[in-house]
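For the protein sequence lines, the chains are Z and B, in the order given.
At position 659 of the first sequence the residue is numbered 724 (this note's numbering), and the sequence of numbers has no breaks.
At position 14 of the second sequence the residue is numbered 23 (this note's numbering), and the sequence of numbers has no breaks.
Beta carbons are placed, not taken as given, at the ideal position from N, Cα and C, and that holds for glycine.
Structure record follows, encoded as structure tokens.
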Amino acid sequence: MRTRAIFYGILSLLILAGVLVLDLIAHSYTAMQGPVLELVRAGLQGAAMLWLARAAEVLFFRTSAISRSEEIRRASNWPVTLVQRFSLVLGISVLLAFAPFLFTLSLPRPPRPSPFAVAPGSFSTVISIDILGAIWLVMLVALIMSFWQLVFVRQSAHFARRRFIGWSTASVALALFTLWQAENVVPTGALGVSILSVLVLATALAALLLGYRLPWLPHVTKEDKRKLLLFTALNVLLASSALLLFGGDKIVTDVIFERYALFWQMIAISVFGTLAIYFALVFFSTFFSLSSTELVQRKSAEVQSLAKLTRFSSDILSSELLLDLPRLAEQITALACEATESDSAWLELQSNSFAPTGTAMNRAADNGGEDVIRSYVGIGEHAAEYIMTDGENLPAVDDEGGEGPRAELERSRKAFVLKRVTGSKQYLFPTAEQARDNRELRSLVAVPLLRKDEVRGGLYVAKHREDGFDDDDLTVLTAFTDVASLALETARLLQDSIEKQKFDGELRAARLMQKSLQPTQFPDIPGFDVYVTSIPAYDVGGDYYDFSELWDGSAMVAIGDVSGKGISASLYMAETKGVVQALAPMMASMTALLESTNDALLHNSPTQSSLRRSFVTLGLISVGKKGVRYARAGHTPLLIVRADGTYGFVQPRGMAVGLMKKTDFADKIEEMGLDIVSGDILVLYSDGITDARDPMGQELGYERLARLVAEHRDLRARDLTLRLLSSIAEFTESANFDDDATLVVMKCL
Amino acid sequence: MSTPLTPPRFSVAVTSATDAPNTVIALTGQLDAHTATEFERFLEQTIRADQKYNLIVDFHNVEYISSAGLGVLMGLIEEVRAGGGDMKLAALPDKIFHILDLLGFPMVFQIFQTVAEAERDFQ
């Protein structure tokens with residue numbers, strides 16, 4: 066492309082050199098002179114101009130090569146640059162008008178009888194004239210190309226080209242007509258004058274049309290517009306001077322374009338006249354658009370910030386920012402600050418961690434409250450806090466919730482603008498540097514962050530300027546906040562689900578741990594067929610059962626129920642199990658075991674009364690040399706179903722473990738010996754069994770349980786247990802228990 | 010303020026005269042893990058700030074009591090007795106008495122059929 070352009074340039078220079086050679090030959094052989102030679106010269110000059118223009122387009126002007134996107138990117142200052150360059154070209158043109166005086170030319174003048182009858186004085190005159198002509202041609206090409214380029218900025222290429230061609234045609238027609246008139250080729254007189262007037266008018270009109278639409282003008286910044294005013298005025302001045310120089314005294318064009326002087330003069334008049342008109346138009350358009358500049362700029366800034374926000378929202382939904390809530394909040398704050406061209410911005414958002422409802426595992430409550438995410442740009446936490454709670458700038462709020470922008474947001478749930486913020490100066494300096502610069506924040510926009518109509522926080526942007534925001538800013542920020550809220554909410558939900566997954570993992574681990582604490586194999590208790598089942602209401606439960614041996618070698622079965630539910634209950638259960646397992650082999654009796662367990666558990670529990678709410682009920686049966694014995698520490702009464710189907714509940718005195726001090730505890734446990742014969746069934750159970758309700762709300766109760774056991778007393782312990790569970794499920798019409806449910810069935814063989 | 014449509018699930022109030030020798034504390038509703046805190050604060054206020062140690066807790070309108078509620082009674086009985094008084098429980102619904110009975114509360118607290126009986130017992 067470039068090499069070809071250089072080739073074109075060289076070609077056009079060669080053609081001009083050819084013209085010179087031709088002129089020199091014609092100078093010697095005067096016979097060659099005449100209209101034919103002049104036409105050949107004109108044709109060669111025209112061809113040189115065209116090739117030069119093609120070369121110049123590629124090398125210097127790049128009209129068609131400038132892509133649309135580049136133009137848009139440089140929309141605001143690109144035409145200004147072009148106008149500035151134009152001043153240079155025009156300046157050189159004006160200077161060129163004086164070029165003939167640099168040469169010593171011997172011309173017979175004035176006047177000449179006919180443009181075709183001039184005899185050049187000498188060889189050097191011929192050379193000088195042709196060199197000057199070539200330079201002028203180059204300048205003309207530069208002028209036209211610069212103009213071409215300027216006319217094309219942000220125009221539809223099609224229309225711009227049409228207008229330009231229309232204008233060129235009119236100019237050339239005008240020039241030709243003038244020339245032919247001088248040669249008497251076309252009629253003079255009234256008809257000639259009217260045709261000339263029409264042609265002049267057409268050229269002027271074409272020039273006006275070229276400058277009629279200036280689509281790039283609104284995008285020029287205010288500062289650039291001032292520059293534009295200066296340079297268009299300069300250009301008008303230069304074009305007018307050139308017009309006078311080339312149009313007034315024909316001597317200049319006479320010298321340069323010796324033979325076609327009149328034609329070229331008309332071309333020059335047309336070009337410089339058009340340029341003067343065009344730049345005058347640009348000047349006035351610029352002048353009158355000055356006042357609307359800020360509005361246009363604001364609109365375009367809004368469009369840009371909206372475009373940015375749209376891009377942001379589409380980016381964010383696929384980005385890793387969603388996994389990092391605090392960083393997302395930072396990004397949003399920074400973007401809000403940038404998009405509104407504010408000096409400071411900050412954001413606060415309550416982000417409750419997840420709290421599975423309906424379970425005792427409310428982590429948010431365990432953490433003692435909610436988390437607030439905050440992020441600040443160009444302002445410190447204290448200053449922001451001061452502004453948000455400073456009621457001076459707002460109408461009084463009668464709510465108890467406080468005053469200031471934050472309270473106002475929570476009350477109104479709507480975004481609002483504070484055009485003038487006043488306040489104690491020392492608090493309003495966002496940073497130390499700004500305090501030094503004596504710059505405080507004077508206007509503020511507050512936008513609520515909503516989640517399902519509930520105010521969860523706010524986004525604030527502030528400027529040093531008073532009256533820095535208007536309703537348009539509010540609109541843009543509200544739109545932005547909608548997107549931001551969505552992103553923040555998505556991030557929060559994502560974080561919650563990740564945490565919940567983690568928590569579920571921990572819960573599974575806790576469940577596994579609890580499972581491992583429960584004996585999987587039932588020990589051989591001489592003379593008894595034993596089966597135990599325990600069903601936690603939640604993932605982990607507070608029911609307890611275990612087997613161990615006492616000091617005297619008797620086997621012991623334990624059932625227990627820890628107060629409370631869920632993980633805390635399961636931990637207390639694990640502690641109880643540990644204590645009982647450790648103490649039992651050293652204890653001579655169940656009473657002693659309960660006493661020591663009470664002591665140990667109480668010793669470990671918090672002394673603060675409000676936390677001393679955990680206790681455990683225990684039911685113990687021992688089988689050994691002393692026969693079958695039963696001790697009850699607050700647990701449900703033992704059910705005994707005899708072989709003949711009669712039944713009864715045994716409820717010896719006893720007190721739950723973990724409630725009372727050692728000194729009071731011992732004498733409150735009554736250990737009881739039982740008279741058990743073959744076929745008798747002992748049933749230990751937790752209150753989850755007897756409290757199971759049918760759909761009407763009626764409890765299973767002791768009687769119903771006893772009758773169920775009696776009904777199925779012939780079954781083995783395992784089958785009996787399973788049958789009981791299915792019967793209870795039939796009764797409650799549900800597969801689940803509301804409370805932990807544990808059954809221990811011991812059948813005397 | 011709008012009137013709540015449902016009665017609060019729990020309330021606690023003193024129903025005896027301020028100069029009466031015994032303070033009767035009447036409970037209403039469900040004494041669960043959450044409301045137990047409210048009950049506890051009320052009891053602590055009565056004992057520590059008002060220096061009242063002869064307490065009768067009226068269970069007549071209690072629908073449900075959780076382990077946390079029981080913990081409150083157990084946690085403060087020692088303090089009451091150290092102050093030279095006692096806490097007696099009165100008018101327990103059958104179901105609630107049954108739970109307290111299983112847990113061994115009758116061995117720690119004196120339990121009466123009515124508030125009047127409990128008052129008589131103080132004299």
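- Rounded to the nearest whole angstrom, the CA to CA distance from ILE71 (chain Z) to SER152 (chain Z) is 26 Å.
- The beta carbon of LEU101 (chain B) does not come within 7 Å of any beta carbon belonging to chain Z, so the residue lies off that interface.
- In this structure, PHE730 (chain Z) and GLU660 (chain Z) form a Cβ contact; the two beta carbons are roughly 6 Å apart against a cut-off of 8 Å.
- Remark: fewer than three beta-carbon pairs, one from each stretch, lie closer than 8 Å, so the region 110-123 of chain Z and the region 86-99 of chain Z are not flagged as touching.
- Take THR339 (chain Z), set aside five residues on each side of it, and the residues of its chain with a beta-carbon closer than 6 Å to its own are ALA272, in chain order.
- Residues of chain B with a Cβ closer than 7 Å to the Cβ of LEU724 (chain Z) are, in chain order, MET83.
- Annotation: Cβ neighbours of LEU111 (chain B) in chain Z (cutoff 9 Å, chain order): THR682, ARG697, GLY699, HIS700, THR701, PRO702, GLN716, GLY719, ALA721 and ASP752.
- Below 8 Å, enough C-beta pairs join the region 232-246 of chain Z and the region 261-272 of chain Z to call them touching: three or more.
- Counting C-beta pairs closer than 8 Å gives three or more between the region 574-587 of chain Z and the region 619-639 of chain Z, which meets the contact rule.
- Residues of chain B whose Cβ lies closer than 7 Å to the Cβ of LYS733 (chain Z) are, in chain order, GLY113 and MET116.
- DSSP places ARG781 (chain Z) in the coil class of the three-state scheme, outside both helix and strand.
- Under the three-state reduction of DSSP, TRP329 (chain Z) is assigned to helix.
- Contact of SER628 (chain Z) with chain B by beta-carbon distance below 9 Å involves SER75, SER76, ALA77, LEU79 and GLY80.
- In this structure, the beta-carbon distance from ILE120 (chain B) to LEU98 (chain B) falls below 7 Å.
- Residue range 67-93 is occupied by the alpha helix (DSSP H) that includes ARG67 (chain Z).
- Within 10 angstroms of the beta-carbon of ASN70 (chain B) lie fewer than 16 other beta-carbons, which makes it exposed.
- DSSP places HIS700 (chain Z) in the coil class of the three-state scheme, outside both helix and strand.
- One Cα belongs to SER20 (chain B), the other to ILE65 (chain B), and the distance between them is close to 16 Å.
- Residue nearest to GLN60 (chain B) within the set B:ARG18, B:VAL89, B:LEU36 and B:LYS104 is B:VAL89 (criterion: CA-CA distance).
- Rounded to whole angstroms, the Cβ separation of VAL722 (chain Z) and VAL681 (chain Z) is 5 Å, and the two are in contact under 8 Å.
- Scanning its chain for C-beta atoms nearer than 8 Å, with the 5 sequence neighbours on each side dropped, one finds around ALA708 (chain Z) the residues VAL742, SER743, GLY744, ASP745 and ARG778, in chain order.
- DSSP, reduced to helix, strand and coil, places ASN801 (chain Z) outside both helices and strands of the structure shown, so it counts as coil.
- Within a 10 Å sphere around the beta-carbon of GLU446 (chain Z) sit fewer than 16 other beta-carbons, which makes this residue exposed.
- About 12 Å separates the Cβ atoms of THR807 (chain Z) and TYR596 (chain Z), ruling out a contact at the 8 Å cut-off.
- Assignment of MET210 (chain Z) by DSSP, reduced to helix, strand and coil, places it in the helix class.
- Excluding residues up to 5 positions away in sequence, LEU64, ILE86 and VAL89 lie with their Cβ nearer than 6 Å to the Cβ of MET96 (chain B) in the same chain.
- Counting along the chain, no alpha helix (DSSP H) covers HIS69 (chain B); the unbroken beta strand (DSSP E) around it starts and ends at 63-74.
- When Z:MET114, Z:ALA771, Z:GLU798 and Z:ASP784 are compared, the shortest CA-CA separation from ARG758 (chain Z) is found for Z:GLU798.
- Put simply, of Z:VAL693, Z:LEU483, Z:ASN663 and Z:LEU667 the residue whose alpha carbon is nearest the alpha carbon of LEU683 (chain Z) is Z:ASN663.
- THR27 (chain B) has its alpha-carbon roughly 52 Å from the corresponding atom of ARG694 (chain Z).
- Around the beta-carbon of HIS700 (chain Z), 16 or more other beta-carbon atoms lie within 10 Å, marking it buried.
- For ILE741 (chain Z), the secondary structure class from DSSP, reduced to helix, strand or coil, is coil.
- Close CB contacts of ASP67 (chain B) within its chain, under the 8 Å cut and outside five residues either way in sequence, are with THR24, VAL33, ILE34, ALA35, LEU36, ALA99, ALA100 and VAL124 (chain order).
- Around the Cβ of ALA162 (chain Z), a 10 Å sphere holds 16 or more other Cβ atoms; the residue is buried.
- For LEU293 (chain Z), the uninterrupted alpha helix (DSSP H) segment begins and ends at 287-313.
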